[in-house]
Amino acid sequence: MPELPEPCFKASNFTKNQSNMESKEHHLTRFHLILLMFFLFLNGCAQKISPTQQQNQDWKALLQEQTNWQASGKLAFLSDTQRQSANFNWQLKDNKQQLILTSFIGTRILSLTELGKYSELEYDGNTYLDQDSQKLVKRLSGMDLPVAHAPAWLTGTVENDSNQYDTYGRLTSSSWRDEQGQLWQASYTQYSLIDEMWLPTRINLTHNTLKIKIQLNSWQF
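72 is the number that UniProt numbering gives to position 72 of the sequence shown; each next residue is one higher, with no gaps.
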């Protein structure tokens, strides 16, 4: 009988190829596992930074209870007759306000402090007193600013039937009249979540032809 031809491969080569295939499958499985863990990690991070996971459920009530806070940022007054800008530091302590305006090079423009029944304003090296903070600021600096209502409109807690809110319950627009009967309108274009409360960081105030653009860079409670 004729001899059968030898196999074209040896058992050792078959074992080696099978081992290589198993190694590739093992690496592929590890890669898929790592990829799955990576996507799970990203999904977990997304859940952690979601605003609905961090905000206090009663953040509005919590915010209205605050009688001590400090905010800083920038103001820009724009109208047909004036264009002024300043940095500000605004404080509320036991429902009394203190406002400091400085130029962009750090020179102090004015310092307003509400006391018992009157307000004290330091301006141009002199001290002035008045029962109305808004009148005092406007008379000396020319800046018309609704100071009396500031604790409400700065924090976005104005109460008015005309208020409009977004899906998070944050104020987007409101209006009110000051002590002189002037109508003010406010629009809120940006918020930040601070101490589990939503605080405005961009506000536009308008009164007649005057527009005040406000940028809040920090909030402290």
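Just so you know, even glycine gets a beta-carbon here, dropped at the ideal spot from N, CA and C.
- Give me the Cα-Cα distance between Glu122 and Asn56, rounded to the nearest whole angstrom. 39 Å
- Task: Return helix, strand or coil for Gln54, following the three-state DSSP convention.
- Result: helix
- Task: Please report the residue range of the beta strand (DSSP E) in which Leu145 lies.
- Result: Neither: Leu145 is in no beta strand (DSSP E) and is coded neither H nor E.
- Taking just the CA atoms, how far does Gln54 sit from Leu199? 14 Å
- Grab the span of the beta strand (DSSP E) containing residue 232 for me, first residue to last. The chain is shown only over 1 to 221; residue 232 falls outside these bounds and no answer can be derived.
- Can you give me the start and stop residues for the alpha helix (DSSP H) that Lys60 sits inside? Trp59 to Gln64
- Task: Quick one: which unbroken alpha helix (DSSP H) runs of 4-plus residues sit fully inside the stretch 115-141? Chain order, please.
- Result: 133-141
- Item | Environment of Phe77 [buried if 16+ CB atoms lie within 10 Å] | buried
- Decide if Leu35 is buried, meaning its Cβ has at least 16 other Cβ atoms within 10 Å, or exposed. Unreliable positioning characterises Leu35 in this predicted model, as indicated by a pLDDT of 45, which lies under 50. A coordinate reading is not provided.
- Query: Hey, how far is the Cα of Gly106 from the Cα of Ile100?
  - Reply: 11 Å
- Neighbourhood of Arg108 by C-beta distance below 6 Å, restricted to the same chain and skipping five residues each side: Thr102
- Chain-order list of residues whose beta-carbon lies under 7 Å from that of Tyr128 (same chain, five-residue window excluded): Leu121, Leu136 and Leu140
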